Structures are given as structure tokens and as C-alpha cells.
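Undergrad:
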Amino acid sequence: MTATAPREGELWSRCAGCASLLYRKRLRRNLDVCPECGEHARLAAPERLRQLVDPESFTPLPDRAAEVDPIDFVDVLSYPHRLSAARAGTGLAEAVVCGTATIGRHPCALAVMDFRFLGGSLGAAVGELITRAAERALEDAVPLVLVTASGGARMQEGALSLMQMATVSQAIAALREAGLLTVSVLTDPTYGGVAASFATNTDLVLAESGARMGFAGPRVIRQVTGRELPEGFQTAAFLLRHGQVDMVVPRHALRGRLVALLAAARAGRRPALRPAVPRQEPAPAARPAAVADPPVVDAAPPADAWETVRLARHPGRPTTLDYLDTAFEGFVELHGDRLGGDCPAVVGGLARLDGRHLMVIGHQKGHTTGELVARNFGMASPAGHRKALRLMRLAARLGLPVVTLVDTPGADPGVRAEEQGQAAAIAENILSLSMLPTPVVAVITGEGGSGGALALAVADRVLMLQHAVYSVISPEGCAAILWPDRGAAPQAARALRLTAPDLCRLGVVDDLVPEPVPAAHHDPEAAARALREAVLAHLLPLLDVPPATLVRRRRQRFRRFGAARAGTRAGAR
Ligand SMILES: [Zn+2]
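Using our numbering, read the sequence shown as starting at 8 and increasing by one per residue.
1. Based on Cα-Cα distance, which residue from D253, L331, T452, L461 lies nearest to L438?
2. DSSP three-state label for A160, please.
3. Would S91 pass as a contact of G130 if the rule is Cβ separation under 8 angstroms?
4. Please report how far the alpha carbon of A26 lies from the alpha carbon of A537, in whole angstroms.
5. Out of curiosity, what's the CA-to-CA distance linking P291 and R468?
6. Are A269 and P150 touching if we call contact CB-CB under 8 angstroms?
7. Do E43 and ligand 1 come close, with the Cβ less than 7 angstroms from some heavy atom?
8. Taking the straight line between their C-alpha atoms, what separation do you get for I451 and V410?
9. CB-CB under 7 angstroms to Q563, same chain, minus the five flanking residues each way: which ones, in chain order?
10. Rank R31, T189, H249, F205 by C-alpha distance to the C-alpha of V175 and give the top, closest one.
11. Ordered along the chain, which non-local residues of its own chain (more than five positions away) have a Cβ less than 8 angstroms from that of V303?
12. Report, in whole angstroms, the separation of the C-beta atoms of A102 and F80, which I expect to be a contact under 8 angstroms.
13. If I measure Cβ to Cβ from R276 and keep anything under 7 angstroms in the same chain, skipping five residues before and after, which residues do I get?
14. Which stretch, first to last residue, makes up the beta strand (DSSP E) that contains S20?
15. DSSP three-state label for A148, please.
16. Give me the Cα-Cα distance between L581 and R31, rounded to the nearest whole angstrom.
17. Would you kindly work out how many angstroms separate the C-alpha atoms of F335 and D361, rounded to a whole number?
18. Between the alpha carbons of A52 and P444, how many angstroms are there, rounded?
19. Could you tell me the alpha carbon to alpha carbon distance between N383 and P322, rounded to whole angstroms?
20. Taking 8 angstroms as the threshold (C-beta atoms), are A395 and V353 in contact?
21. Measure the alpha-carbon distance for L398 versus E378 and round it to whole angstroms.
22. Tell me the DSSP bridge mates of I368?
23. So which of I480, E235, V252, A166 has the shortest CA-CA distance to V190?
24. Buried or exposed for R404, going by 16 or more other Cβ atoms inside 10 Å?
25. Could you tell me the alpha carbon to alpha carbon distance between G111 and T209, rounded to whole angstroms?
26. Per DSSP, what kind of secondary structure is R560 in: helix, strand or coil?
27. Check for me: the beta strand (DSSP E) holding L29 runs from which residue to which?
28. Answer yes or no: do M471 and V520 have a C-beta to C-beta separation smaller than 8 angstroms?
29. Answer with buried or exposed for Q230, where buried requires no fewer than 16 other C-beta atoms within 10 angstroms of its C-beta.
30. Can you find the residues in the same chain that come closer than 8 angstroms, C-beta to C-beta, to D349, ignoring five residues on each side of it along the sequence?
31. Looking at the strands, I want to know which residues DSSP matches up with C105.
32. Helix, strand or coil, according to DSSP, for P302 in the structure here?
33. Is it buried or exposed, D195, if we count other Cβ atoms within 10 angstroms and call 16 or more buried?
34. Identify, in the order they occur along the chain, each residue of the same chain with its Cβ nearer than 6 angstroms to the Cβ of Q427, setting aside the five sequence neighbours on each side.
35. Below 8 angstroms on the Cβ atoms is my guess for S157 versus T197; work out the distance and round it to an integer in Å.
36. DSSP state of M386, grouped into three classes?
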């Protein structure tokens, strides 16, 4: 135990972070977080359960840990001897406690590891118990919550402990196939075979403040590389920055976060669990692309396209986070692509719209120069596109609809972006969106810049704010290529037909969302209300459409932009 070794007697313990002598009861009331320095002391599994689950709701799984000493392992002590000592010291049968419970009245199965028991090591019995917890989750059709604390696989069981990484992962795979949420909570420390399997292959990965996670431990890395490690290496903040965890959560907020995540998962329609019952298909929307009635916009004369470009780029224009704050409720941001990056130009997570749970993903710009720089002006890196992809797929698995808010000058055109496969990252999103078995509504809220915009906009319905623009290239870029000079940008803007009324006529956009007069940034609240109403109006009819029908229609929607329509499009101008 780092922090609570009761050396000072039962009543007092010394904080490992700041060495304060703390009154034991006070520390416990504070969830074993030092009130002086915030150090999160390690928790025994029973105490962790007490903090997380609803009182009296925990029922341990009936399964007993089997006695295992498969390879008669002996170091200075025999393995059975070490096991007995761990049992006597902890009062636990093994390094994990498994059962069912409710958290905020949402039922789930849980497996909570205990580092005191042989370093929380993963042996055959631990693997078996966690697998049974996962199987119980599958049986009951409830989410699985794992709390990890482990040095890795249990050496004393040789290669059989290594195999547990695969065993438990298979059980997680079955839950994924069934559309049941899996969440792991990384606590300090989580390393080796546990980190490289069920601690990180769950749908969501939360890191408790103070947790460290990695494949190789710092001592090993120092030995191998012969180098000192950077400050904060493998800490929760490091993991967040490098896209490996969805969020870092202080212990006090952990239960509340789990409640919110379980609530969202429960609201999903879990397409995988529903039998594919063929249904009476409603008649397709009687509004083919290019002959649609133009949406009713107030009688004001059409704005000049270049003027619209300037409005679409106005720094006061509401951003995705502004809309999440005003048009949506209960946003829980999810971070990271799980491959090494967390792109600040793309934000996403679970939220509610008029009480309905959904996934919202959008480009994030900012209002000040500092914010714009920090968010890379809303230009997503490959990590941003991969984060978006991860969240879309998660939404689909859980049966939650996706709403995207598009506001980007374009995808990040930098050197690193190219090194990391920007083109393929965009391509994969476009492909995956065209297969996604859940409703998708995209709203172009500001700039819909080229492929970077489309990477979030292959949707069942594409809406566009009145003064937004959506284009294959920026007017400046177009002018530089096709006109003698960049000064021709206003002419290029007019020629590109990039305004909402133009794109509604072309059928690229299904509906125009009116903005307050003269534009969204003058009354962000009114803009948020209009966006909310428009999204609801287009999303609600999609919720009952069977996934296969949804996907087929989405593909038809884009197919109709083929050359066969060229004549009609020209006629519509
Ligand atoms: Zn302290």
C-alpha cells in the first residue's frame, strides 16, 4: 500500500504524497483521498465496491476460485505457500472480487481487482473469475464494469497465466458482439498483461486520478533504454494526452460518471441483440434530390456567397462545445483514438437531446486566438478522425444515434498528419459512416471544408445552418488555382455554390436551419434552439427505421449524386 499503511496505529495513517499524518476516519470519509494533497491511496476491492455500487446491491458470483498450481512453481517459497499468505493477509480467495450490483440503479456485473493479493496478478483463477463475470453480464444483458489494479500476468503459473489475456478478451468480445457496454476503470497500478488485454480493450477506459498504466513498467523501460523517463510518464494525464483513455476521473466523481455511462448504455436499442425482424418499410421520403422545394427562408434577399463565407468564419459563431452546452444536455466527453493521440480539433461524447441519449461528435474551433490555436482551428488530425470513428462505432454497437456538428476549414494539412495517414483516416470514416447501423444526422454549423467535413457528414440527413458554407475547396484555394490571383476569392465563392440555399437546391443538404437575424453569433441561444429543433425533427423519424433500411437509404442518398442527375442539377439552378 502506498498511502495507508497503518504503521502509526489504527487511528492514524501517513499520506504517501505529502507525509501528512491523517486521522483514519477522516481519510475514509474522504474516500481515502488525502484532504491535504489529493493523493489517491490504493483501495482494497471490498472498499472499492462499497464506494461504487448502491448500498446492499452487491451479490458475489457463486463461483469459488479453484486451487491452481499448474506447474509446481517454487522460488524461495512455494506458490501454494504464497497463495495462503495472500489469502490470510487480505481475507480474499483471489486477486479479484466479482459479482452483480446496481450503480445508480443501473444493473451491471463487476470485477474488481485487489493489488494487495500477489500484486493483483492475473492467474488462471483470476482469468476464470473475470470471464464468469463477463458471461454473467451477457446472460443478464447488462454492462460489465472492470476495476483494474495489477502488475500483470502471474509468473507462478507460467504460460497458463499468459493465456488468461486471451480468455478474458474473448469474453469481452462476446459482450461487444452483443452490443453490451464494457467499461474499465484503471487504478494504480495497471501494467503488463492486464493492461494489454481487458483493461484497455473495453468500450470505454476511465483512469482514476493518480493511476499509472502501461505495458512495460518504468523500471524495465529504464533498464532497456538506459534513459531517464520523462516527467509524468504513464500517469493518467499522460494517458489522456496520448489518446489512451476516455477520461481521467477523480475518485469522488467516479461513481457519478459510471452512472451517466450506464444510463446512456441502457437507453441504446442494442441492435445486435434484436432479432432482425423484417418490418413494413415506410414509403421513402417523397423528395428526390434536385427537385426538392427549397426550404422556406425569410423573405430577405439571398446573401452574397462571399458575405456568407465571412459569417461562417466569424469567431463569435457558436462552436460545437457551445452547442453541447446549450442545445444538448449531460455531455460526457470521451477522448482519444486509443492509438496514441487525442486531437483537440474534434470533440465527442455521450449527450442527451430532449432527454434522448445519443453520441455527438463535432469539430471544435474557438472564439479567441488562443483557443483557435489550441484547437488547431478545427482542423482534425488523423487522430481526430480516428477518435470520431471510434465513437461512431461505439454508438452503433450500443444502438445510440449519432449527431455530428461540422465546422472545419478542412482536415489538418500538416506534415505529421500526412505521416500518420490523413487520407486513409478520412477515407475510413467515409466508408464506416456508409455502413453504420444507427441513425446519423449531420449539421454543417459553420465551415464545411472539403474531405475533412465529409468525414463527419455521410449521414441520413444533412442539415445546414443558414449562414454556413459547404464546399469542395475554400474560395481562396479555388481562386488560387483557377483565377489569376487569390483576390478572386469572392468570385470563386459565388461560382462554387457553397451556401445553404444553393446546396438545398442541389440536394446535397436536406434542410436549412434558420439563424437569428442577422446571424448566429448575435444570439447564440436562439441559434441553439433552432439547431435543437431541426435535429429533433429530422432524427425522430429515423429512430424506428430498421438498421438495414437505414443503411440502404443512406447509400441511395449519396448514390443519387451520380452523373445521371447532372442534367436535373443544371436545370435546378
Ligand atoms: Zn497528502
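Heads up, the beta-carbon is just placed ideally off N, CA and C, and yes, glycines get one too.
Treat the numbers as computed from the prediction; the structure is a model and nothing was measured.
TA: On the basis of the supplied data:
1. Looking up residue 438 in the sequence shown gives position 431. For the options D253, L331, T452, L461, the alpha carbon positioned closest to that of L438 is the one of L461.
2. Mapped onto the sequence shown, residue 160 falls at position 153. In this structure, DSSP gives A160 an extended state, which the three-state scheme calls strand.
3. The count along the sequence shown starts at 1 and reaches residue 91 at position 84. The count along the sequence shown starts at 1 and reaches residue 130 at position 123. No. Outside cutoff.
4. The sequence position of residue 26 within the sequence shown is 19, counting from 1. The sequence position of residue 537 within the sequence shown is 530, counting from 1. Between A26 and A537, the C-alpha separation is close to 55 angstroms.
5. On the sequence shown, residue 291 is found 284 positions in, with the first residue counted as 1. On the sequence shown, residue 468 is found 461 positions in, with the first residue counted as 1. Residue confidence for P291 is low, a pLDDT of 44 falling below 50, so the modelled location carries little weight and cannot support an answer.
6. Mapped onto the sequence shown, residue 269 falls at position 262. Mapped onto the sequence shown, residue 150 falls at position 143. The displayed chain sequence assigns Leu, not Ala, to residue 269. In this structure, L269 places its C-beta atom within 8 angstroms of the C-beta atom of P150.
7. Walking along the sequence shown from the start, residue 43 turns up at place 36. Because some heavy atom of ligand 1 lies under 7 angstroms away, the Cβ of E43 counts as near it: yes.
8. For the purposes of this step, residue 451 is taken as residue 444 along the sequence shown, with counting starting at 1. For the purposes of this step, residue 410 is taken as residue 403 along the sequence shown, with counting starting at 1. Those two C-alpha atoms are separated by around 11 angstroms.
9. Counted from its first residue, the sequence shown places residue 563 at position 556. Cβ within range, chain order: n/a, list empty.
10. What you label residue 175 is simply residue 168 of the sequence shown in a count that begins at 1. Selected option, being the one with the closest Cα: F205.
11. As a working mapping, residue 303 is identified with position 296 in the sequence shown. Because V303 carries a pLDDT of 47, less than 50, the predicted location of this residue cannot be relied on, and the following value inherits that uncertainty. Answer for V303: no residue qualifies.
12. Here residue 102 refers to the residue found at position 95 of the sequence shown. Here residue 80 refers to the residue found at position 73 of the sequence shown. Actually they do not touch by this definition, with Cβ atoms about 16 angstroms apart.
13. On the sequence shown, residue 276 is found 269 positions in, with the first residue counted as 1. Answer for R276: G406, listed in chain order.
14. Taking the sequence shown and counting its residues from 1, one reaches residue 20 at position 13. Where S20 is concerned, the enclosing beta strand (DSSP E) stretches over 19-21.
15. Numbered from its first residue, the sequence shown carries residue 148 at position 141. In this structure, A148 counts as coil in the three-state DSSP scheme.
16. Nothing can be reported for residue 581, as the shown portion of the chain is limited to 8 through 580.
17. Taking the sequence shown and counting its residues from 1, one reaches residue 335 at position 328. Taking the sequence shown and counting its residues from 1, one reaches residue 361 at position 354. Separation of F335 and D361 (C-alpha to C-alpha, rounded to the nearest whole angstrom) is 7 angstroms.
18. In the sequence shown, residue 52 corresponds to position 45, counting from 1. In the sequence shown, residue 444 corresponds to position 437, counting from 1. For A52 and P444, the distance between alpha carbons rounds to 38 angstroms.
19. Residue numbering aside, residue 383 sits at position 376 when the sequence shown is read from its first letter. Residue numbering aside, residue 322 sits at position 315 when the sequence shown is read from its first letter. Near 14 angstroms, if we compare the C-alpha coordinates of P322 and N383.
20. As a position in the sequence shown, residue 353 is number 346, starting the count at 1. As a position in the sequence shown, residue 395 is number 388, starting the count at 1. With contacts defined as CB atoms closer than 8 angstroms, V353 and A395 qualify as a contacting pair.
21. Taking the first residue of the sequence shown as 1, we reach residue 398 at position 391. Taking the first residue of the sequence shown as 1, we reach residue 378 at position 371. The straight-line gap from Cα to Cα measures roughly 24 angstroms.
22. The residue you call residue 368 lines up with position 361 of the sequence shown. DSSP, once it has assigned bridges, lists G355, T411 as partnering I368.
23. Here residue 190 refers to the residue found at position 183 when the sequence shown is read from its first residue. It is V252 whose Cα lies nearest to the Cα of V190.
24. As a first step, residue 404 must be located in the sequence shown, where it is residue number 397. That one is buried.
25. Walking along the sequence shown from the start, residue 111 turns up at place 104. Walking along the sequence shown from the start, residue 209 turns up at place 202. In this structure, the alpha-carbon of G111 lies about 21 angstroms from that of T209.
26. The residue you call residue 560 lines up with position 553 of the sequence shown. Looking at R560 - three-state DSSP - the assignment turns out to be helix.
27. The sequence position of residue 29 within the sequence shown is 22, counting from 1. 28-30 is the extent of the beta strand (DSSP E) around L29.
28. Translated into the one-based positions of the sequence shown, residue 471 becomes position 464. Translated into the one-based positions of the sequence shown, residue 520 becomes position 513. It is a contact, given that the beta carbons lie within the stated cut-off.
29. As a working mapping, residue 230 is identified with position 223 in the sequence shown. Counting of Cβ neighbours within 10 angstroms places Q230 among the exposed residues, the total staying below 16.
30. Here residue 349 is taken as the residue at index 342 of the sequence shown, counted from 1. Taken in chain order, the residues that qualify are L247, R248, H249, G250, H342, G343, A390, K394.
31. The count along the sequence shown starts at 1 and reaches residue 105 at position 98. DSSP lists A118 as partners of C105.
32. Mapped onto the sequence shown, residue 302 falls at position 295. Residue placement at P302 cannot be trusted, given a pLDDT of 47 that sits under 50; what the coordinates show is reported in the next sentence. Coil at P302, not helix or strand.
33. Walking along the sequence shown from the start, residue 195 turns up at place 188. If you draw a 10 Å sphere on the C-beta of D195, you find 16 or more other C-beta atoms in it, and that means buried.
34. On the sequence shown, residue 427 is found 420 positions in, with the first residue counted as 1. Taking C-beta separations shorter than 6 angstroms and ignoring five residues to either side along the sequence, the partners of Q427 in its chain run P389, following chain order.
35. On the sequence shown, residue 157 is found 150 positions in, with the first residue counted as 1. On the sequence shown, residue 197 is found 190 positions in, with the first residue counted as 1. The beta-carbon separation of S157 and T197, rounded to 6 angstroms, stays under the 8 angstroms limit for a contact.
36. Numbered from 1 along the sequence shown, position 379 holds the residue referred to as residue 386. If DSSP states are grouped into helix, strand and coil, M386 belongs with coil.
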